[in-house]
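Chemist:
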Amino acid sequence: MLITFEGIDGAGKSTQITKLIGWLERKGVETISLREPGGTDAAEKIRRILLDSGGKITPVGELLLFSASRAELVQQVIIPALESGKTVILDRFYDSTTAYQGYGRGLDLDMLRSIITISTCGIVPDVTVFLDLDPETALRRKFSEKSIPIAFDSDELDRMERSGLEFYRKVHQGYLETIKQNESRFVTIDAKEPADIIHNKVKEIIMHRFPFSPVIEQ
Ligand SMILES: Nc1ncnc2c1ncn2[C@@H]1O[C@H](COP(=O)(O)OP(=O)(O)OP(=O)(O)O)[C@@H](O)[C@H]1O
Ligand SMILES: [Mg+2]
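Using the working numbering, you'd call the opening residue of the sequence shown number 235 and step up by one each time.
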């Protein structure tokens with residue numbers, strides 16, 4: 235079973251994945267959770283290139299490095315784990331590429347689709363949980379993490395993070411377009427809800443989608 239979590243920065247993916255892993259493990263489900271880029275020797279080296287570049291990588295270069303790292307992770311870790319019956323949980327997968335590099339940065343969507351197919355060997359998540367958060371709230375969460383007070387009705391946002399907000403809006407819209415094209419795979423949850431309520435919804439989704447799994451019961 236391959237479960238992916240998507241959503242703009244600060245939507246609560248990591249929070250929910252931690253809770254989901256705890257629940258699945260308590261149920262005795264063998265689970266691994268992964269985050270790109272990284273997860274194999276080569277992929278970790280690629281991660282370092284991406285993080286150490288100081289923003290000097292072009293969007294296409296970034297796309298190809300992410301995709302190379304993804305190809306390593308898919309072939310060396312994800313496919314073997316799925317084949318051995320494990321549940322794999324991914325904190326972002328190729329929908330992030332479509333939303334961020336495609337809709338956010340404006341790279342050609344057909345080109346992205348081809349690269350995604352190559353880098354994933356064509357594997358598709360069984361379910362993708364989209365944590366839906368408006369860009370303003372996401373930014374507010376990010377700022378509060380850094381203890382920066384911000385008033386959204388002031389000029390402060392324009393000065394500090396206007397391009398950030400515009401970018402998030404495009405990415406968010408990109409996710410909504412992607413969901414329209416893949417409705418049966420996606421489940422959308424309102425990410426403004428408290429984390430425990432969201433977790434209950436995630437559990438319901440897993441139980442509803444995989445009712446015949448012997449270990450996953452309420
Ligand atoms: N449902 C929620 N309501 C309010 N705050 C939340 C909720 N879920 C998570 N948070 C808080 O919002 C912040 C971002 O959450 P988290 O790190 O889980 O998001 P993320 O989607 O993993 O972000 P990123 O994409 O940047 O990794 C954290 O400070 C977290 O405690
Ligand atoms: Mg996270």
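A virtual CB, placed ideally from N, CA and C, is assigned to each residue, including glycine. What you are looking at is a predicted structure, and each value in this text was computed from that prediction instead of being measured.
Is T412 near ligand 1 - that is, is its Cβ less than 7 Å away from at least one heavy atom of it?
Modeler: No, the beta carbon of T412 sits no closer than 7 Å to any heavy atom of ligand 1.
Chemist: Assign R393 to buried or exposed, taking buried as 16 or more other Cβ atoms, counted over all protein chains shown, within 10 Å of its Cβ.
Modeler: Low local confidence applies: a pLDDT of 42 at R393 is under 50, so the model's placement there is unreliable, with the coordinate-based value given in what follows. Exposed: under 16 other Cβ atoms inside 10 Å.
Chemist: Please find out if some non-hydrogen atom of ligand 2 comes closer than 7 Å to the beta-carbon of S330.
Modeler: No.
Chemist: Verify the contact flag: P369, CB atom, against every heavy atom of ligand 1, threshold strictly below 7 Å.
Modeler: For ligand 1, not one heavy atom lies less than 7 Å from the Cβ of P369.
Chemist: Quick one: which unbroken beta strand (DSSP E) runs of 3-plus residues sit fully inside the stretch 301–389? Chain order, please.
Modeler: Counting whole runs of 3 or more residues, the stretch 301–389 contains the beta strand (DSSP E) stretches 321–325, 361–366.
Chemist: At which residue ranges does the stretch 238–265 contain complete alpha helix (DSSP H) runs of 4 or more residues, listed in the order of the chain?
Modeler: Counting only runs of 4 or more, we get 247–260.
Chemist: Would you say K376 touches ligand 2, meaning its beta carbon is less than 7 Å from a heavy atom?
Modeler: Flag unset: Cβ of K376 not near ligand 2.
Chemist: Can you tell me whether DSSP reads T274 as helix, strand or coil?
Modeler: In the structure shown, T274 sits in coil (DSSP, three-state: anything other than H, G, I, E or B).
Chemist: To the nearest angstrom, how far is it from the Cα of E375 to the Cα of L410?
Modeler: A small correction: the amino acid at residue 375 is Arg; Glu does not occupy that position in the sequence shown. About 21 Å.
Chemist: With a threshold of 7 Å on Cβ separation, who are the neighbours of E395 within its own chain once the five nearest residues in sequence on each side are excluded?
Modeler: No answer about E395 holds up, because its pLDDT of 48 lies below 50 and its placement is not dependable.
Chemist: Distance, Cα to Cα, D286 vs G295?
Modeler: Using only the alpha carbons, I get a separation of about 14 Å.
Chemist: When you compare only the Cα positions, how much space is there between E438 and I251?
Modeler: Cα to Cα, the separation comes out at about 14 Å.
Chemist: Just mark T332 as buried or exposed, buried being the case when its beta carbon has 16 or more other beta carbons within 10 Å.
Modeler: When all chains shown are included, T332 counts as buried.
Chemist: Out of R269, L268, L254, point me to the one whose CA is closest to G262's CA.
Modeler: For the residues R269, L268, L254, the minimum Cα distance to G262 belongs to L254.
Chemist: Pick out whichever of R281, L367, L324 has its Cα sitting closest to the Cα of T265.
Modeler: With distances taken between Cα atoms, T265 lies closest to L324.
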